[in-house]
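Chains as they are written, first to last, in UniProt numbering: chain A, 1 to 351; chain B, 1 to 785.
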């Protein structure tokens, strides 16, 4: 539809799942994307949006030894990022540094800063300290939570603490609370668990099943957004976890990815397996609004929270990232390896 | 000359005026200084010039004329002379008589003073004599007056001594009025001297009065006495300073008691109307109506009497009769909690109205009309809303029946529920309209006046009914949390999970509401409204109007929501199934496929369940291949050139060529749109569920890493699914595409994507098909017996 014309496209060679905003790059709007190819040599692409916003330029192309299931850019050093990778049978996670070879697209090798090698089961994701320079990292595998201390000069990472999530829970992902750096939310099959990193204990949980992605609202304390397979998107207030404060219908098929805008309140992006990216405007507002939202009659009266649906994708959209430098810009990555950068500026005026 | 005239005295002047008027032929010409020629003749004017006149006369007249003039003039002069003489004489005469009178007066005044003094003396002596007489008589008069007073007093004493006897006589004669008059006359004396001199007397008369009071009271309370006598009795009692208020209260209580009886009877009437069957109905009603009429008449009579007896008691009576009406309506409202037919309601209203009219007759001040309108408004309003809530309960009751058995979908059960729902909704609302029509067409005063309001209420009622229905549906489907007042309803639901069948029924019912019920109700409503001048405009102001379009829209969206919910519920079950299938095994160490995995059976079972539910509820759609609206699309993930190269390279391998074929075929296929708009047909719903299921399957596969055997297992399963799914779904192309996508996804995620050899594939599928058939027959045979 109309969205097709506004987006700027870029093709990765292979299938891909993960894209990350390079937060530390304050001069450019750049993204890192990693491919997911079982039998080919995988790559990490450093993509930069040209100054006029009409073109996506490949700033660097680095070969990565294995298929990438998770990729996160370091919030304080634009050259550092983490990946979670799989070799088919085994999983690994590592911290990488982009070598000083800018502009040469000859697939230079990435420098491995550290290997997060304490895991025994399937690693799900690695989380950076939410903001600012800190050497702490959290990695989550199916059964355990690890807190790492990264020493980039020594090129090593030490496990600071580790805790098992319990035998019955298979963790699948997580997010670091930007408002409370001691708190981590981890998703498992039937709930979202909250961990205190100081004591490495589980503090609370929300009962919600099959959460694919969670994201904290960076502007508002206590607000957490979850994307679930079938039931769409839920917005939670962490102070009252019994019922979500808001529900969004999500996608025709599963809702896979969800991302809160770092700047604009209530602006939420979701990617789904129906090959679409939906832009929602669901301000959580004041108390009154919350109660009226959970009321019955407001269901029909409410304004449609769906602001726009970008449907110009060929395959399921698994990767989503807002640019923190230009918060009206987001990058989306569909499974066929296509990166599309869109601007939501035309819809912001509606607020 | 005019100035010279001024000193002339009045008389002379008058005289001259007289003369001049006599001589002047034209007075206007004669007055004032006129030209000489014109006034020559005017002898009488001031400006008369004798010489000129003479000259003129001599010149103009002949001799004869002159002579004649001369004679005339001489005669005139003589006349004037006589006049003058006469006047002088008369004056003189008068003067002489005045002089005489003065002279007489002078002589008379002399000697009057002495006479006057004499008169004064005489008067003085008369006065002194009269004083003497007065003094001498004073003492006697005083005595007489005293005697007179004593006599009066004696008479009064006599009266008081006689009082008891007289009162007794009066009692005997029942002349209570006289008795009271006597007694009240004697009261001041008793008050003054009752304690001393007239003690006995007072006691006796008080006793008599007591008897009188008693008698009067008796009279007052006896219903047999005429109202007139009772009223008199009340007045007399009041005069006797008897505490009438107490009596009033007692009488009032009596009134209230009779009222209570009346109410009970009303209740009976309502009950009777409630319980009586058609055959006995009329008789019973008649009986009760008569009984009721009698008691109302009694009440009315009492009220009348009471009013006469206590003239100032209107407010109390008004209150009492208002109470009566209020209680009437209260009883009616209580009955409304049960189901009351319109006819019964009308009958009750009529009874109440008759009562009102009767009472109004006796007690016009009560304005019971107005009061009754006010109260009945709320009653009728409540009646209208109760009718709607009954309807609502009916419809949701029909839905609730689906509930108990949920998973083992009993054949026809959903269909039965749907039909029941439809019926109760349509029939219920038609009955409702019919009932309201009855209400509107009735010519009872009360209803005629409220007609416009009733129309409004019915309109608003429908609006609210449909809104409530929508909410209730949502509640039933569990989409919204129940509010406290619906707790009882939802408790039943919370215990078990909401059945998907119910949701489907609700969806279809919403469609029914939107497409059939609302138009029909609107039609019927306009028919009714047309017979009266509907108060549409007024209703709009109050927001009390039934908006069919708005409701239609609400239900349309609700039906879509429910359908989606149904699909969601079903796909969720499939998802759970698939999740278990794909997350449990270790795909990287999968063993050689030996048979089609059993999840396929479960998957098909789920679809079968969907099919059977859908079959009951939804209509068969026309097979369509047109895909107009799509929400999303997917093309092959193989648009990647590198992969094509790679596939070309591996082309030599015979086994892989098969895979390539799938891939290449996909390349040339059109972009298949998967997520199309769901329609209210069996095929559309089933197809959507299959599509969503397959898409989920694809996504699960993409998350795994497979070894060759794992890939082959998936290939086998999918190959097996192909036939049954295509049979179920209407959109074969999309199903094919999705199945292929699963295989492609699996091959992408496989370390060594070597497909099964076709013969092996065929063999395994045949084995599975045979097994399924066998199972089906073995399962089917016992049930068919």
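We put the beta carbon where it would ideally sit given N, CA and C, even for glycine.
From what residue to what residue does the beta strand (DSSP E) around residue i run?
| i | result |
| --- | --- |
| residue 86/A | 80-86 |
| residue 91/A | 91-97 |
| residue 188/A | 183-188 |
| residue 247/A | 246-248 |
| residue 158/A | 156-164 |
| residue 111/A | 111-115 |
| residue 308/A | 306-310 |
Nearest-angstrom Cα distance between residue i and residue j?
| i | j | result |
| --- | --- | --- |
| residue 473/B | residue 310/A | 33 Å |
| residue 639/B | residue 333/A | For residue 639/B, the predicted structure reports a pLDDT of 38, less than 50, and the residue's modelled location is therefore unreliable. A value from the coordinates is still provided. Computed Cα separation, rounded: 16 Å. |
| residue 351/B | residue 376/B | 13 Å |
| residue 409/B | residue 73/A | Residue confidence is low: residue 409/B scores 47 on pLDDT, short of 50, so the model does not pin down where it sits. No coordinate-derived value is stated. |
| residue 84/A | residue 192/A | 21 Å |
| residue 424/B | residue 391/B | 8 Å |
| residue 359/B | residue 252/B | 16 Å |
| residue 576/B | residue 767/B | 27 Å |
| residue 336/A | residue 275/A | 10 Å |
| residue 654/B | residue 313/A | Legend: pLDDT at residue 654/B = 45, less than 50; position of this residue unreliable, value from coordinates given subsequently. Taking the straight line joining both Cα atoms gives about 34 Å. |
| residue 494/B | residue 7/A | Interpretation of residue 494/B is limited by its pLDDT of 41, a score under 50 that renders its predicted location unreliable; the figure taken from the coordinates is listed afterwards. Using only the alpha carbons, I get a separation of about 47 Å. |
| residue 305/B | residue 297/B | 12 Å |
| residue 554/B | residue 470/B | 8 Å |
| residue 80/A | residue 97/A | 4 Å |
| residue 650/B | residue 558/B | Its pLDDT being 41, under 50, residue 650/B is placed unreliably in this model, and the value from its coordinates should be taken loosely. Between residue 650/B and residue 558/B, the C-alpha separation is close to 53 Å. |
| residue 60/B | residue 51/B | 14 Å |
| residue 696/B | residue 129/A | 34 Å |
| residue 682/B | residue 676/B | 15 Å |
| residue 43/A | residue 566/B | 43 Å |
| residue 564/B | residue 755/B | 37 Å |
| residue 30/A | residue 590/B | 41 Å |
| residue 75/B | residue 53/B | 18 Å |
| residue 346/A | residue 259/A | 19 Å |
| residue 44/B | residue 91/B | 25 Å |
Who are the neighbours of residue i on chain B, taking C-beta pairs under 8 Å?
| i | result |
| --- | --- |
| residue 88/A | 588, 705 and 751 |
| residue 38/A | 705, 748, 749, 750 and 751 |
| residue 63/A | Going along chain B, no residue has its Cβ under 8 Å from residue 63/A, so there is no contact; the nearest lies around 14 Å. |
Locate the alpha helix (DSSP H) running through residue i, then write down its first and last residues.
| i | result |
| --- | --- |
| residue 361/B | 342-362 |
| residue 413/B | 413-441 |
| residue 176/A | No alpha helix (DSSP H) holds residue 176/A; the beta strand (DSSP E) holding it covers 171-176. |
| residue 373/B | 368-400 |
| residue 93/B | 63-109 |
| residue 19/A | Segment 16-21 is the beta strand (DSSP E) holding residue 19/A; no alpha helix (DSSP H) there. |
| residue 52/B | 50-60 |
| residue 612/B | 599-617 |
Counting only Cβ pairs nearer than 8 Å, list the residues of chain A close to residue i.
| i | result |
| --- | --- |
| residue 349/B | Near residue 349/B there are no residues of chain A at all, since even the closest Cβ is about 34 Å away, more than 8 Å. |
Throw me the rounded Cβ distance for the residue i and residue j pair, which I believe falls under 8 Å.
| i | j | result |
| --- | --- | --- |
| residue 349/B | residue 444/B | 6 Å |
| residue 204/A | residue 194/A | 5 Å |
| residue 282/A | residue 272/A | Contact doesn't hold; Cβ gap of about 16 Å is too wide. |
| residue 744/B | residue 714/B | No, residue 744/B and residue 714/B are not in contact; Cβ-Cβ is about 11 Å, not under 8 Å. |
| residue 10/A | residue 46/A | With 8 Å as the limit, residue 10/A and residue 46/A do not qualify as a contact, their Cβ atoms being about 11 Å apart. |
Which residues in chain B have a C-beta closer than 9 Å to the C-beta of residue i? List them in chain order.
| i | result |
| --- | --- |
| residue 326/A | The premise fails here: residue 326/A is roughly 28 Å from chain B at the closest Cβ pair, so nothing lies under 9 Å. |
Can you list the residues of chain A that residue i reaches, using a CB-CB cut of under 7 Å?
| i | result |
| --- | --- |
| residue 575/B | 229 and 230 |
| residue 788/B | The displayed coordinates of chain B run from 1 to 785. Any statement about residue 788/B would go beyond what the structure contains. |
| residue 695/B | 253 and 273 |
### Query
On the three-pair Cβ rule with 8 Å, is the region 204-220 of chain A touching the region 172-182 of chain A?
yes
### Message
Assess contact between the region 192-204 of chain A and the region 242-256 of chain A, defined as three or more Cβ pairs (one per stretch) separated by less than 8 Å. Is contact present?
### Response
no
### Message
Assess contact between the region 702-712 of chain B and the region 582-599 of chain B, defined as three or more Cβ pairs (one per stretch) separated by less than 8 Å. Is contact present?
### Response
yes
### the region 316-332 of chain A touching the region 12-22 of chain A, judged by at least three CB pairs closer than 8 Å
yes
### Segment contact, 8 Å Cβ cut-off, at least three pairs: the region 178-191 of chain B with the region 128-144 of chain B
no
### Message
Does the structure place the region 156-163 of chain A close enough to the region 111-118 of chain A that three or more beta carbon pairs sit under 8 Å?
### Response
yes
### Task
Determine, using beta-carbon pairs with one atom in the region 502-520 of chain B and one in the region 588-602 of chain B, whether at least three such pairs fall under 8 Å.
no
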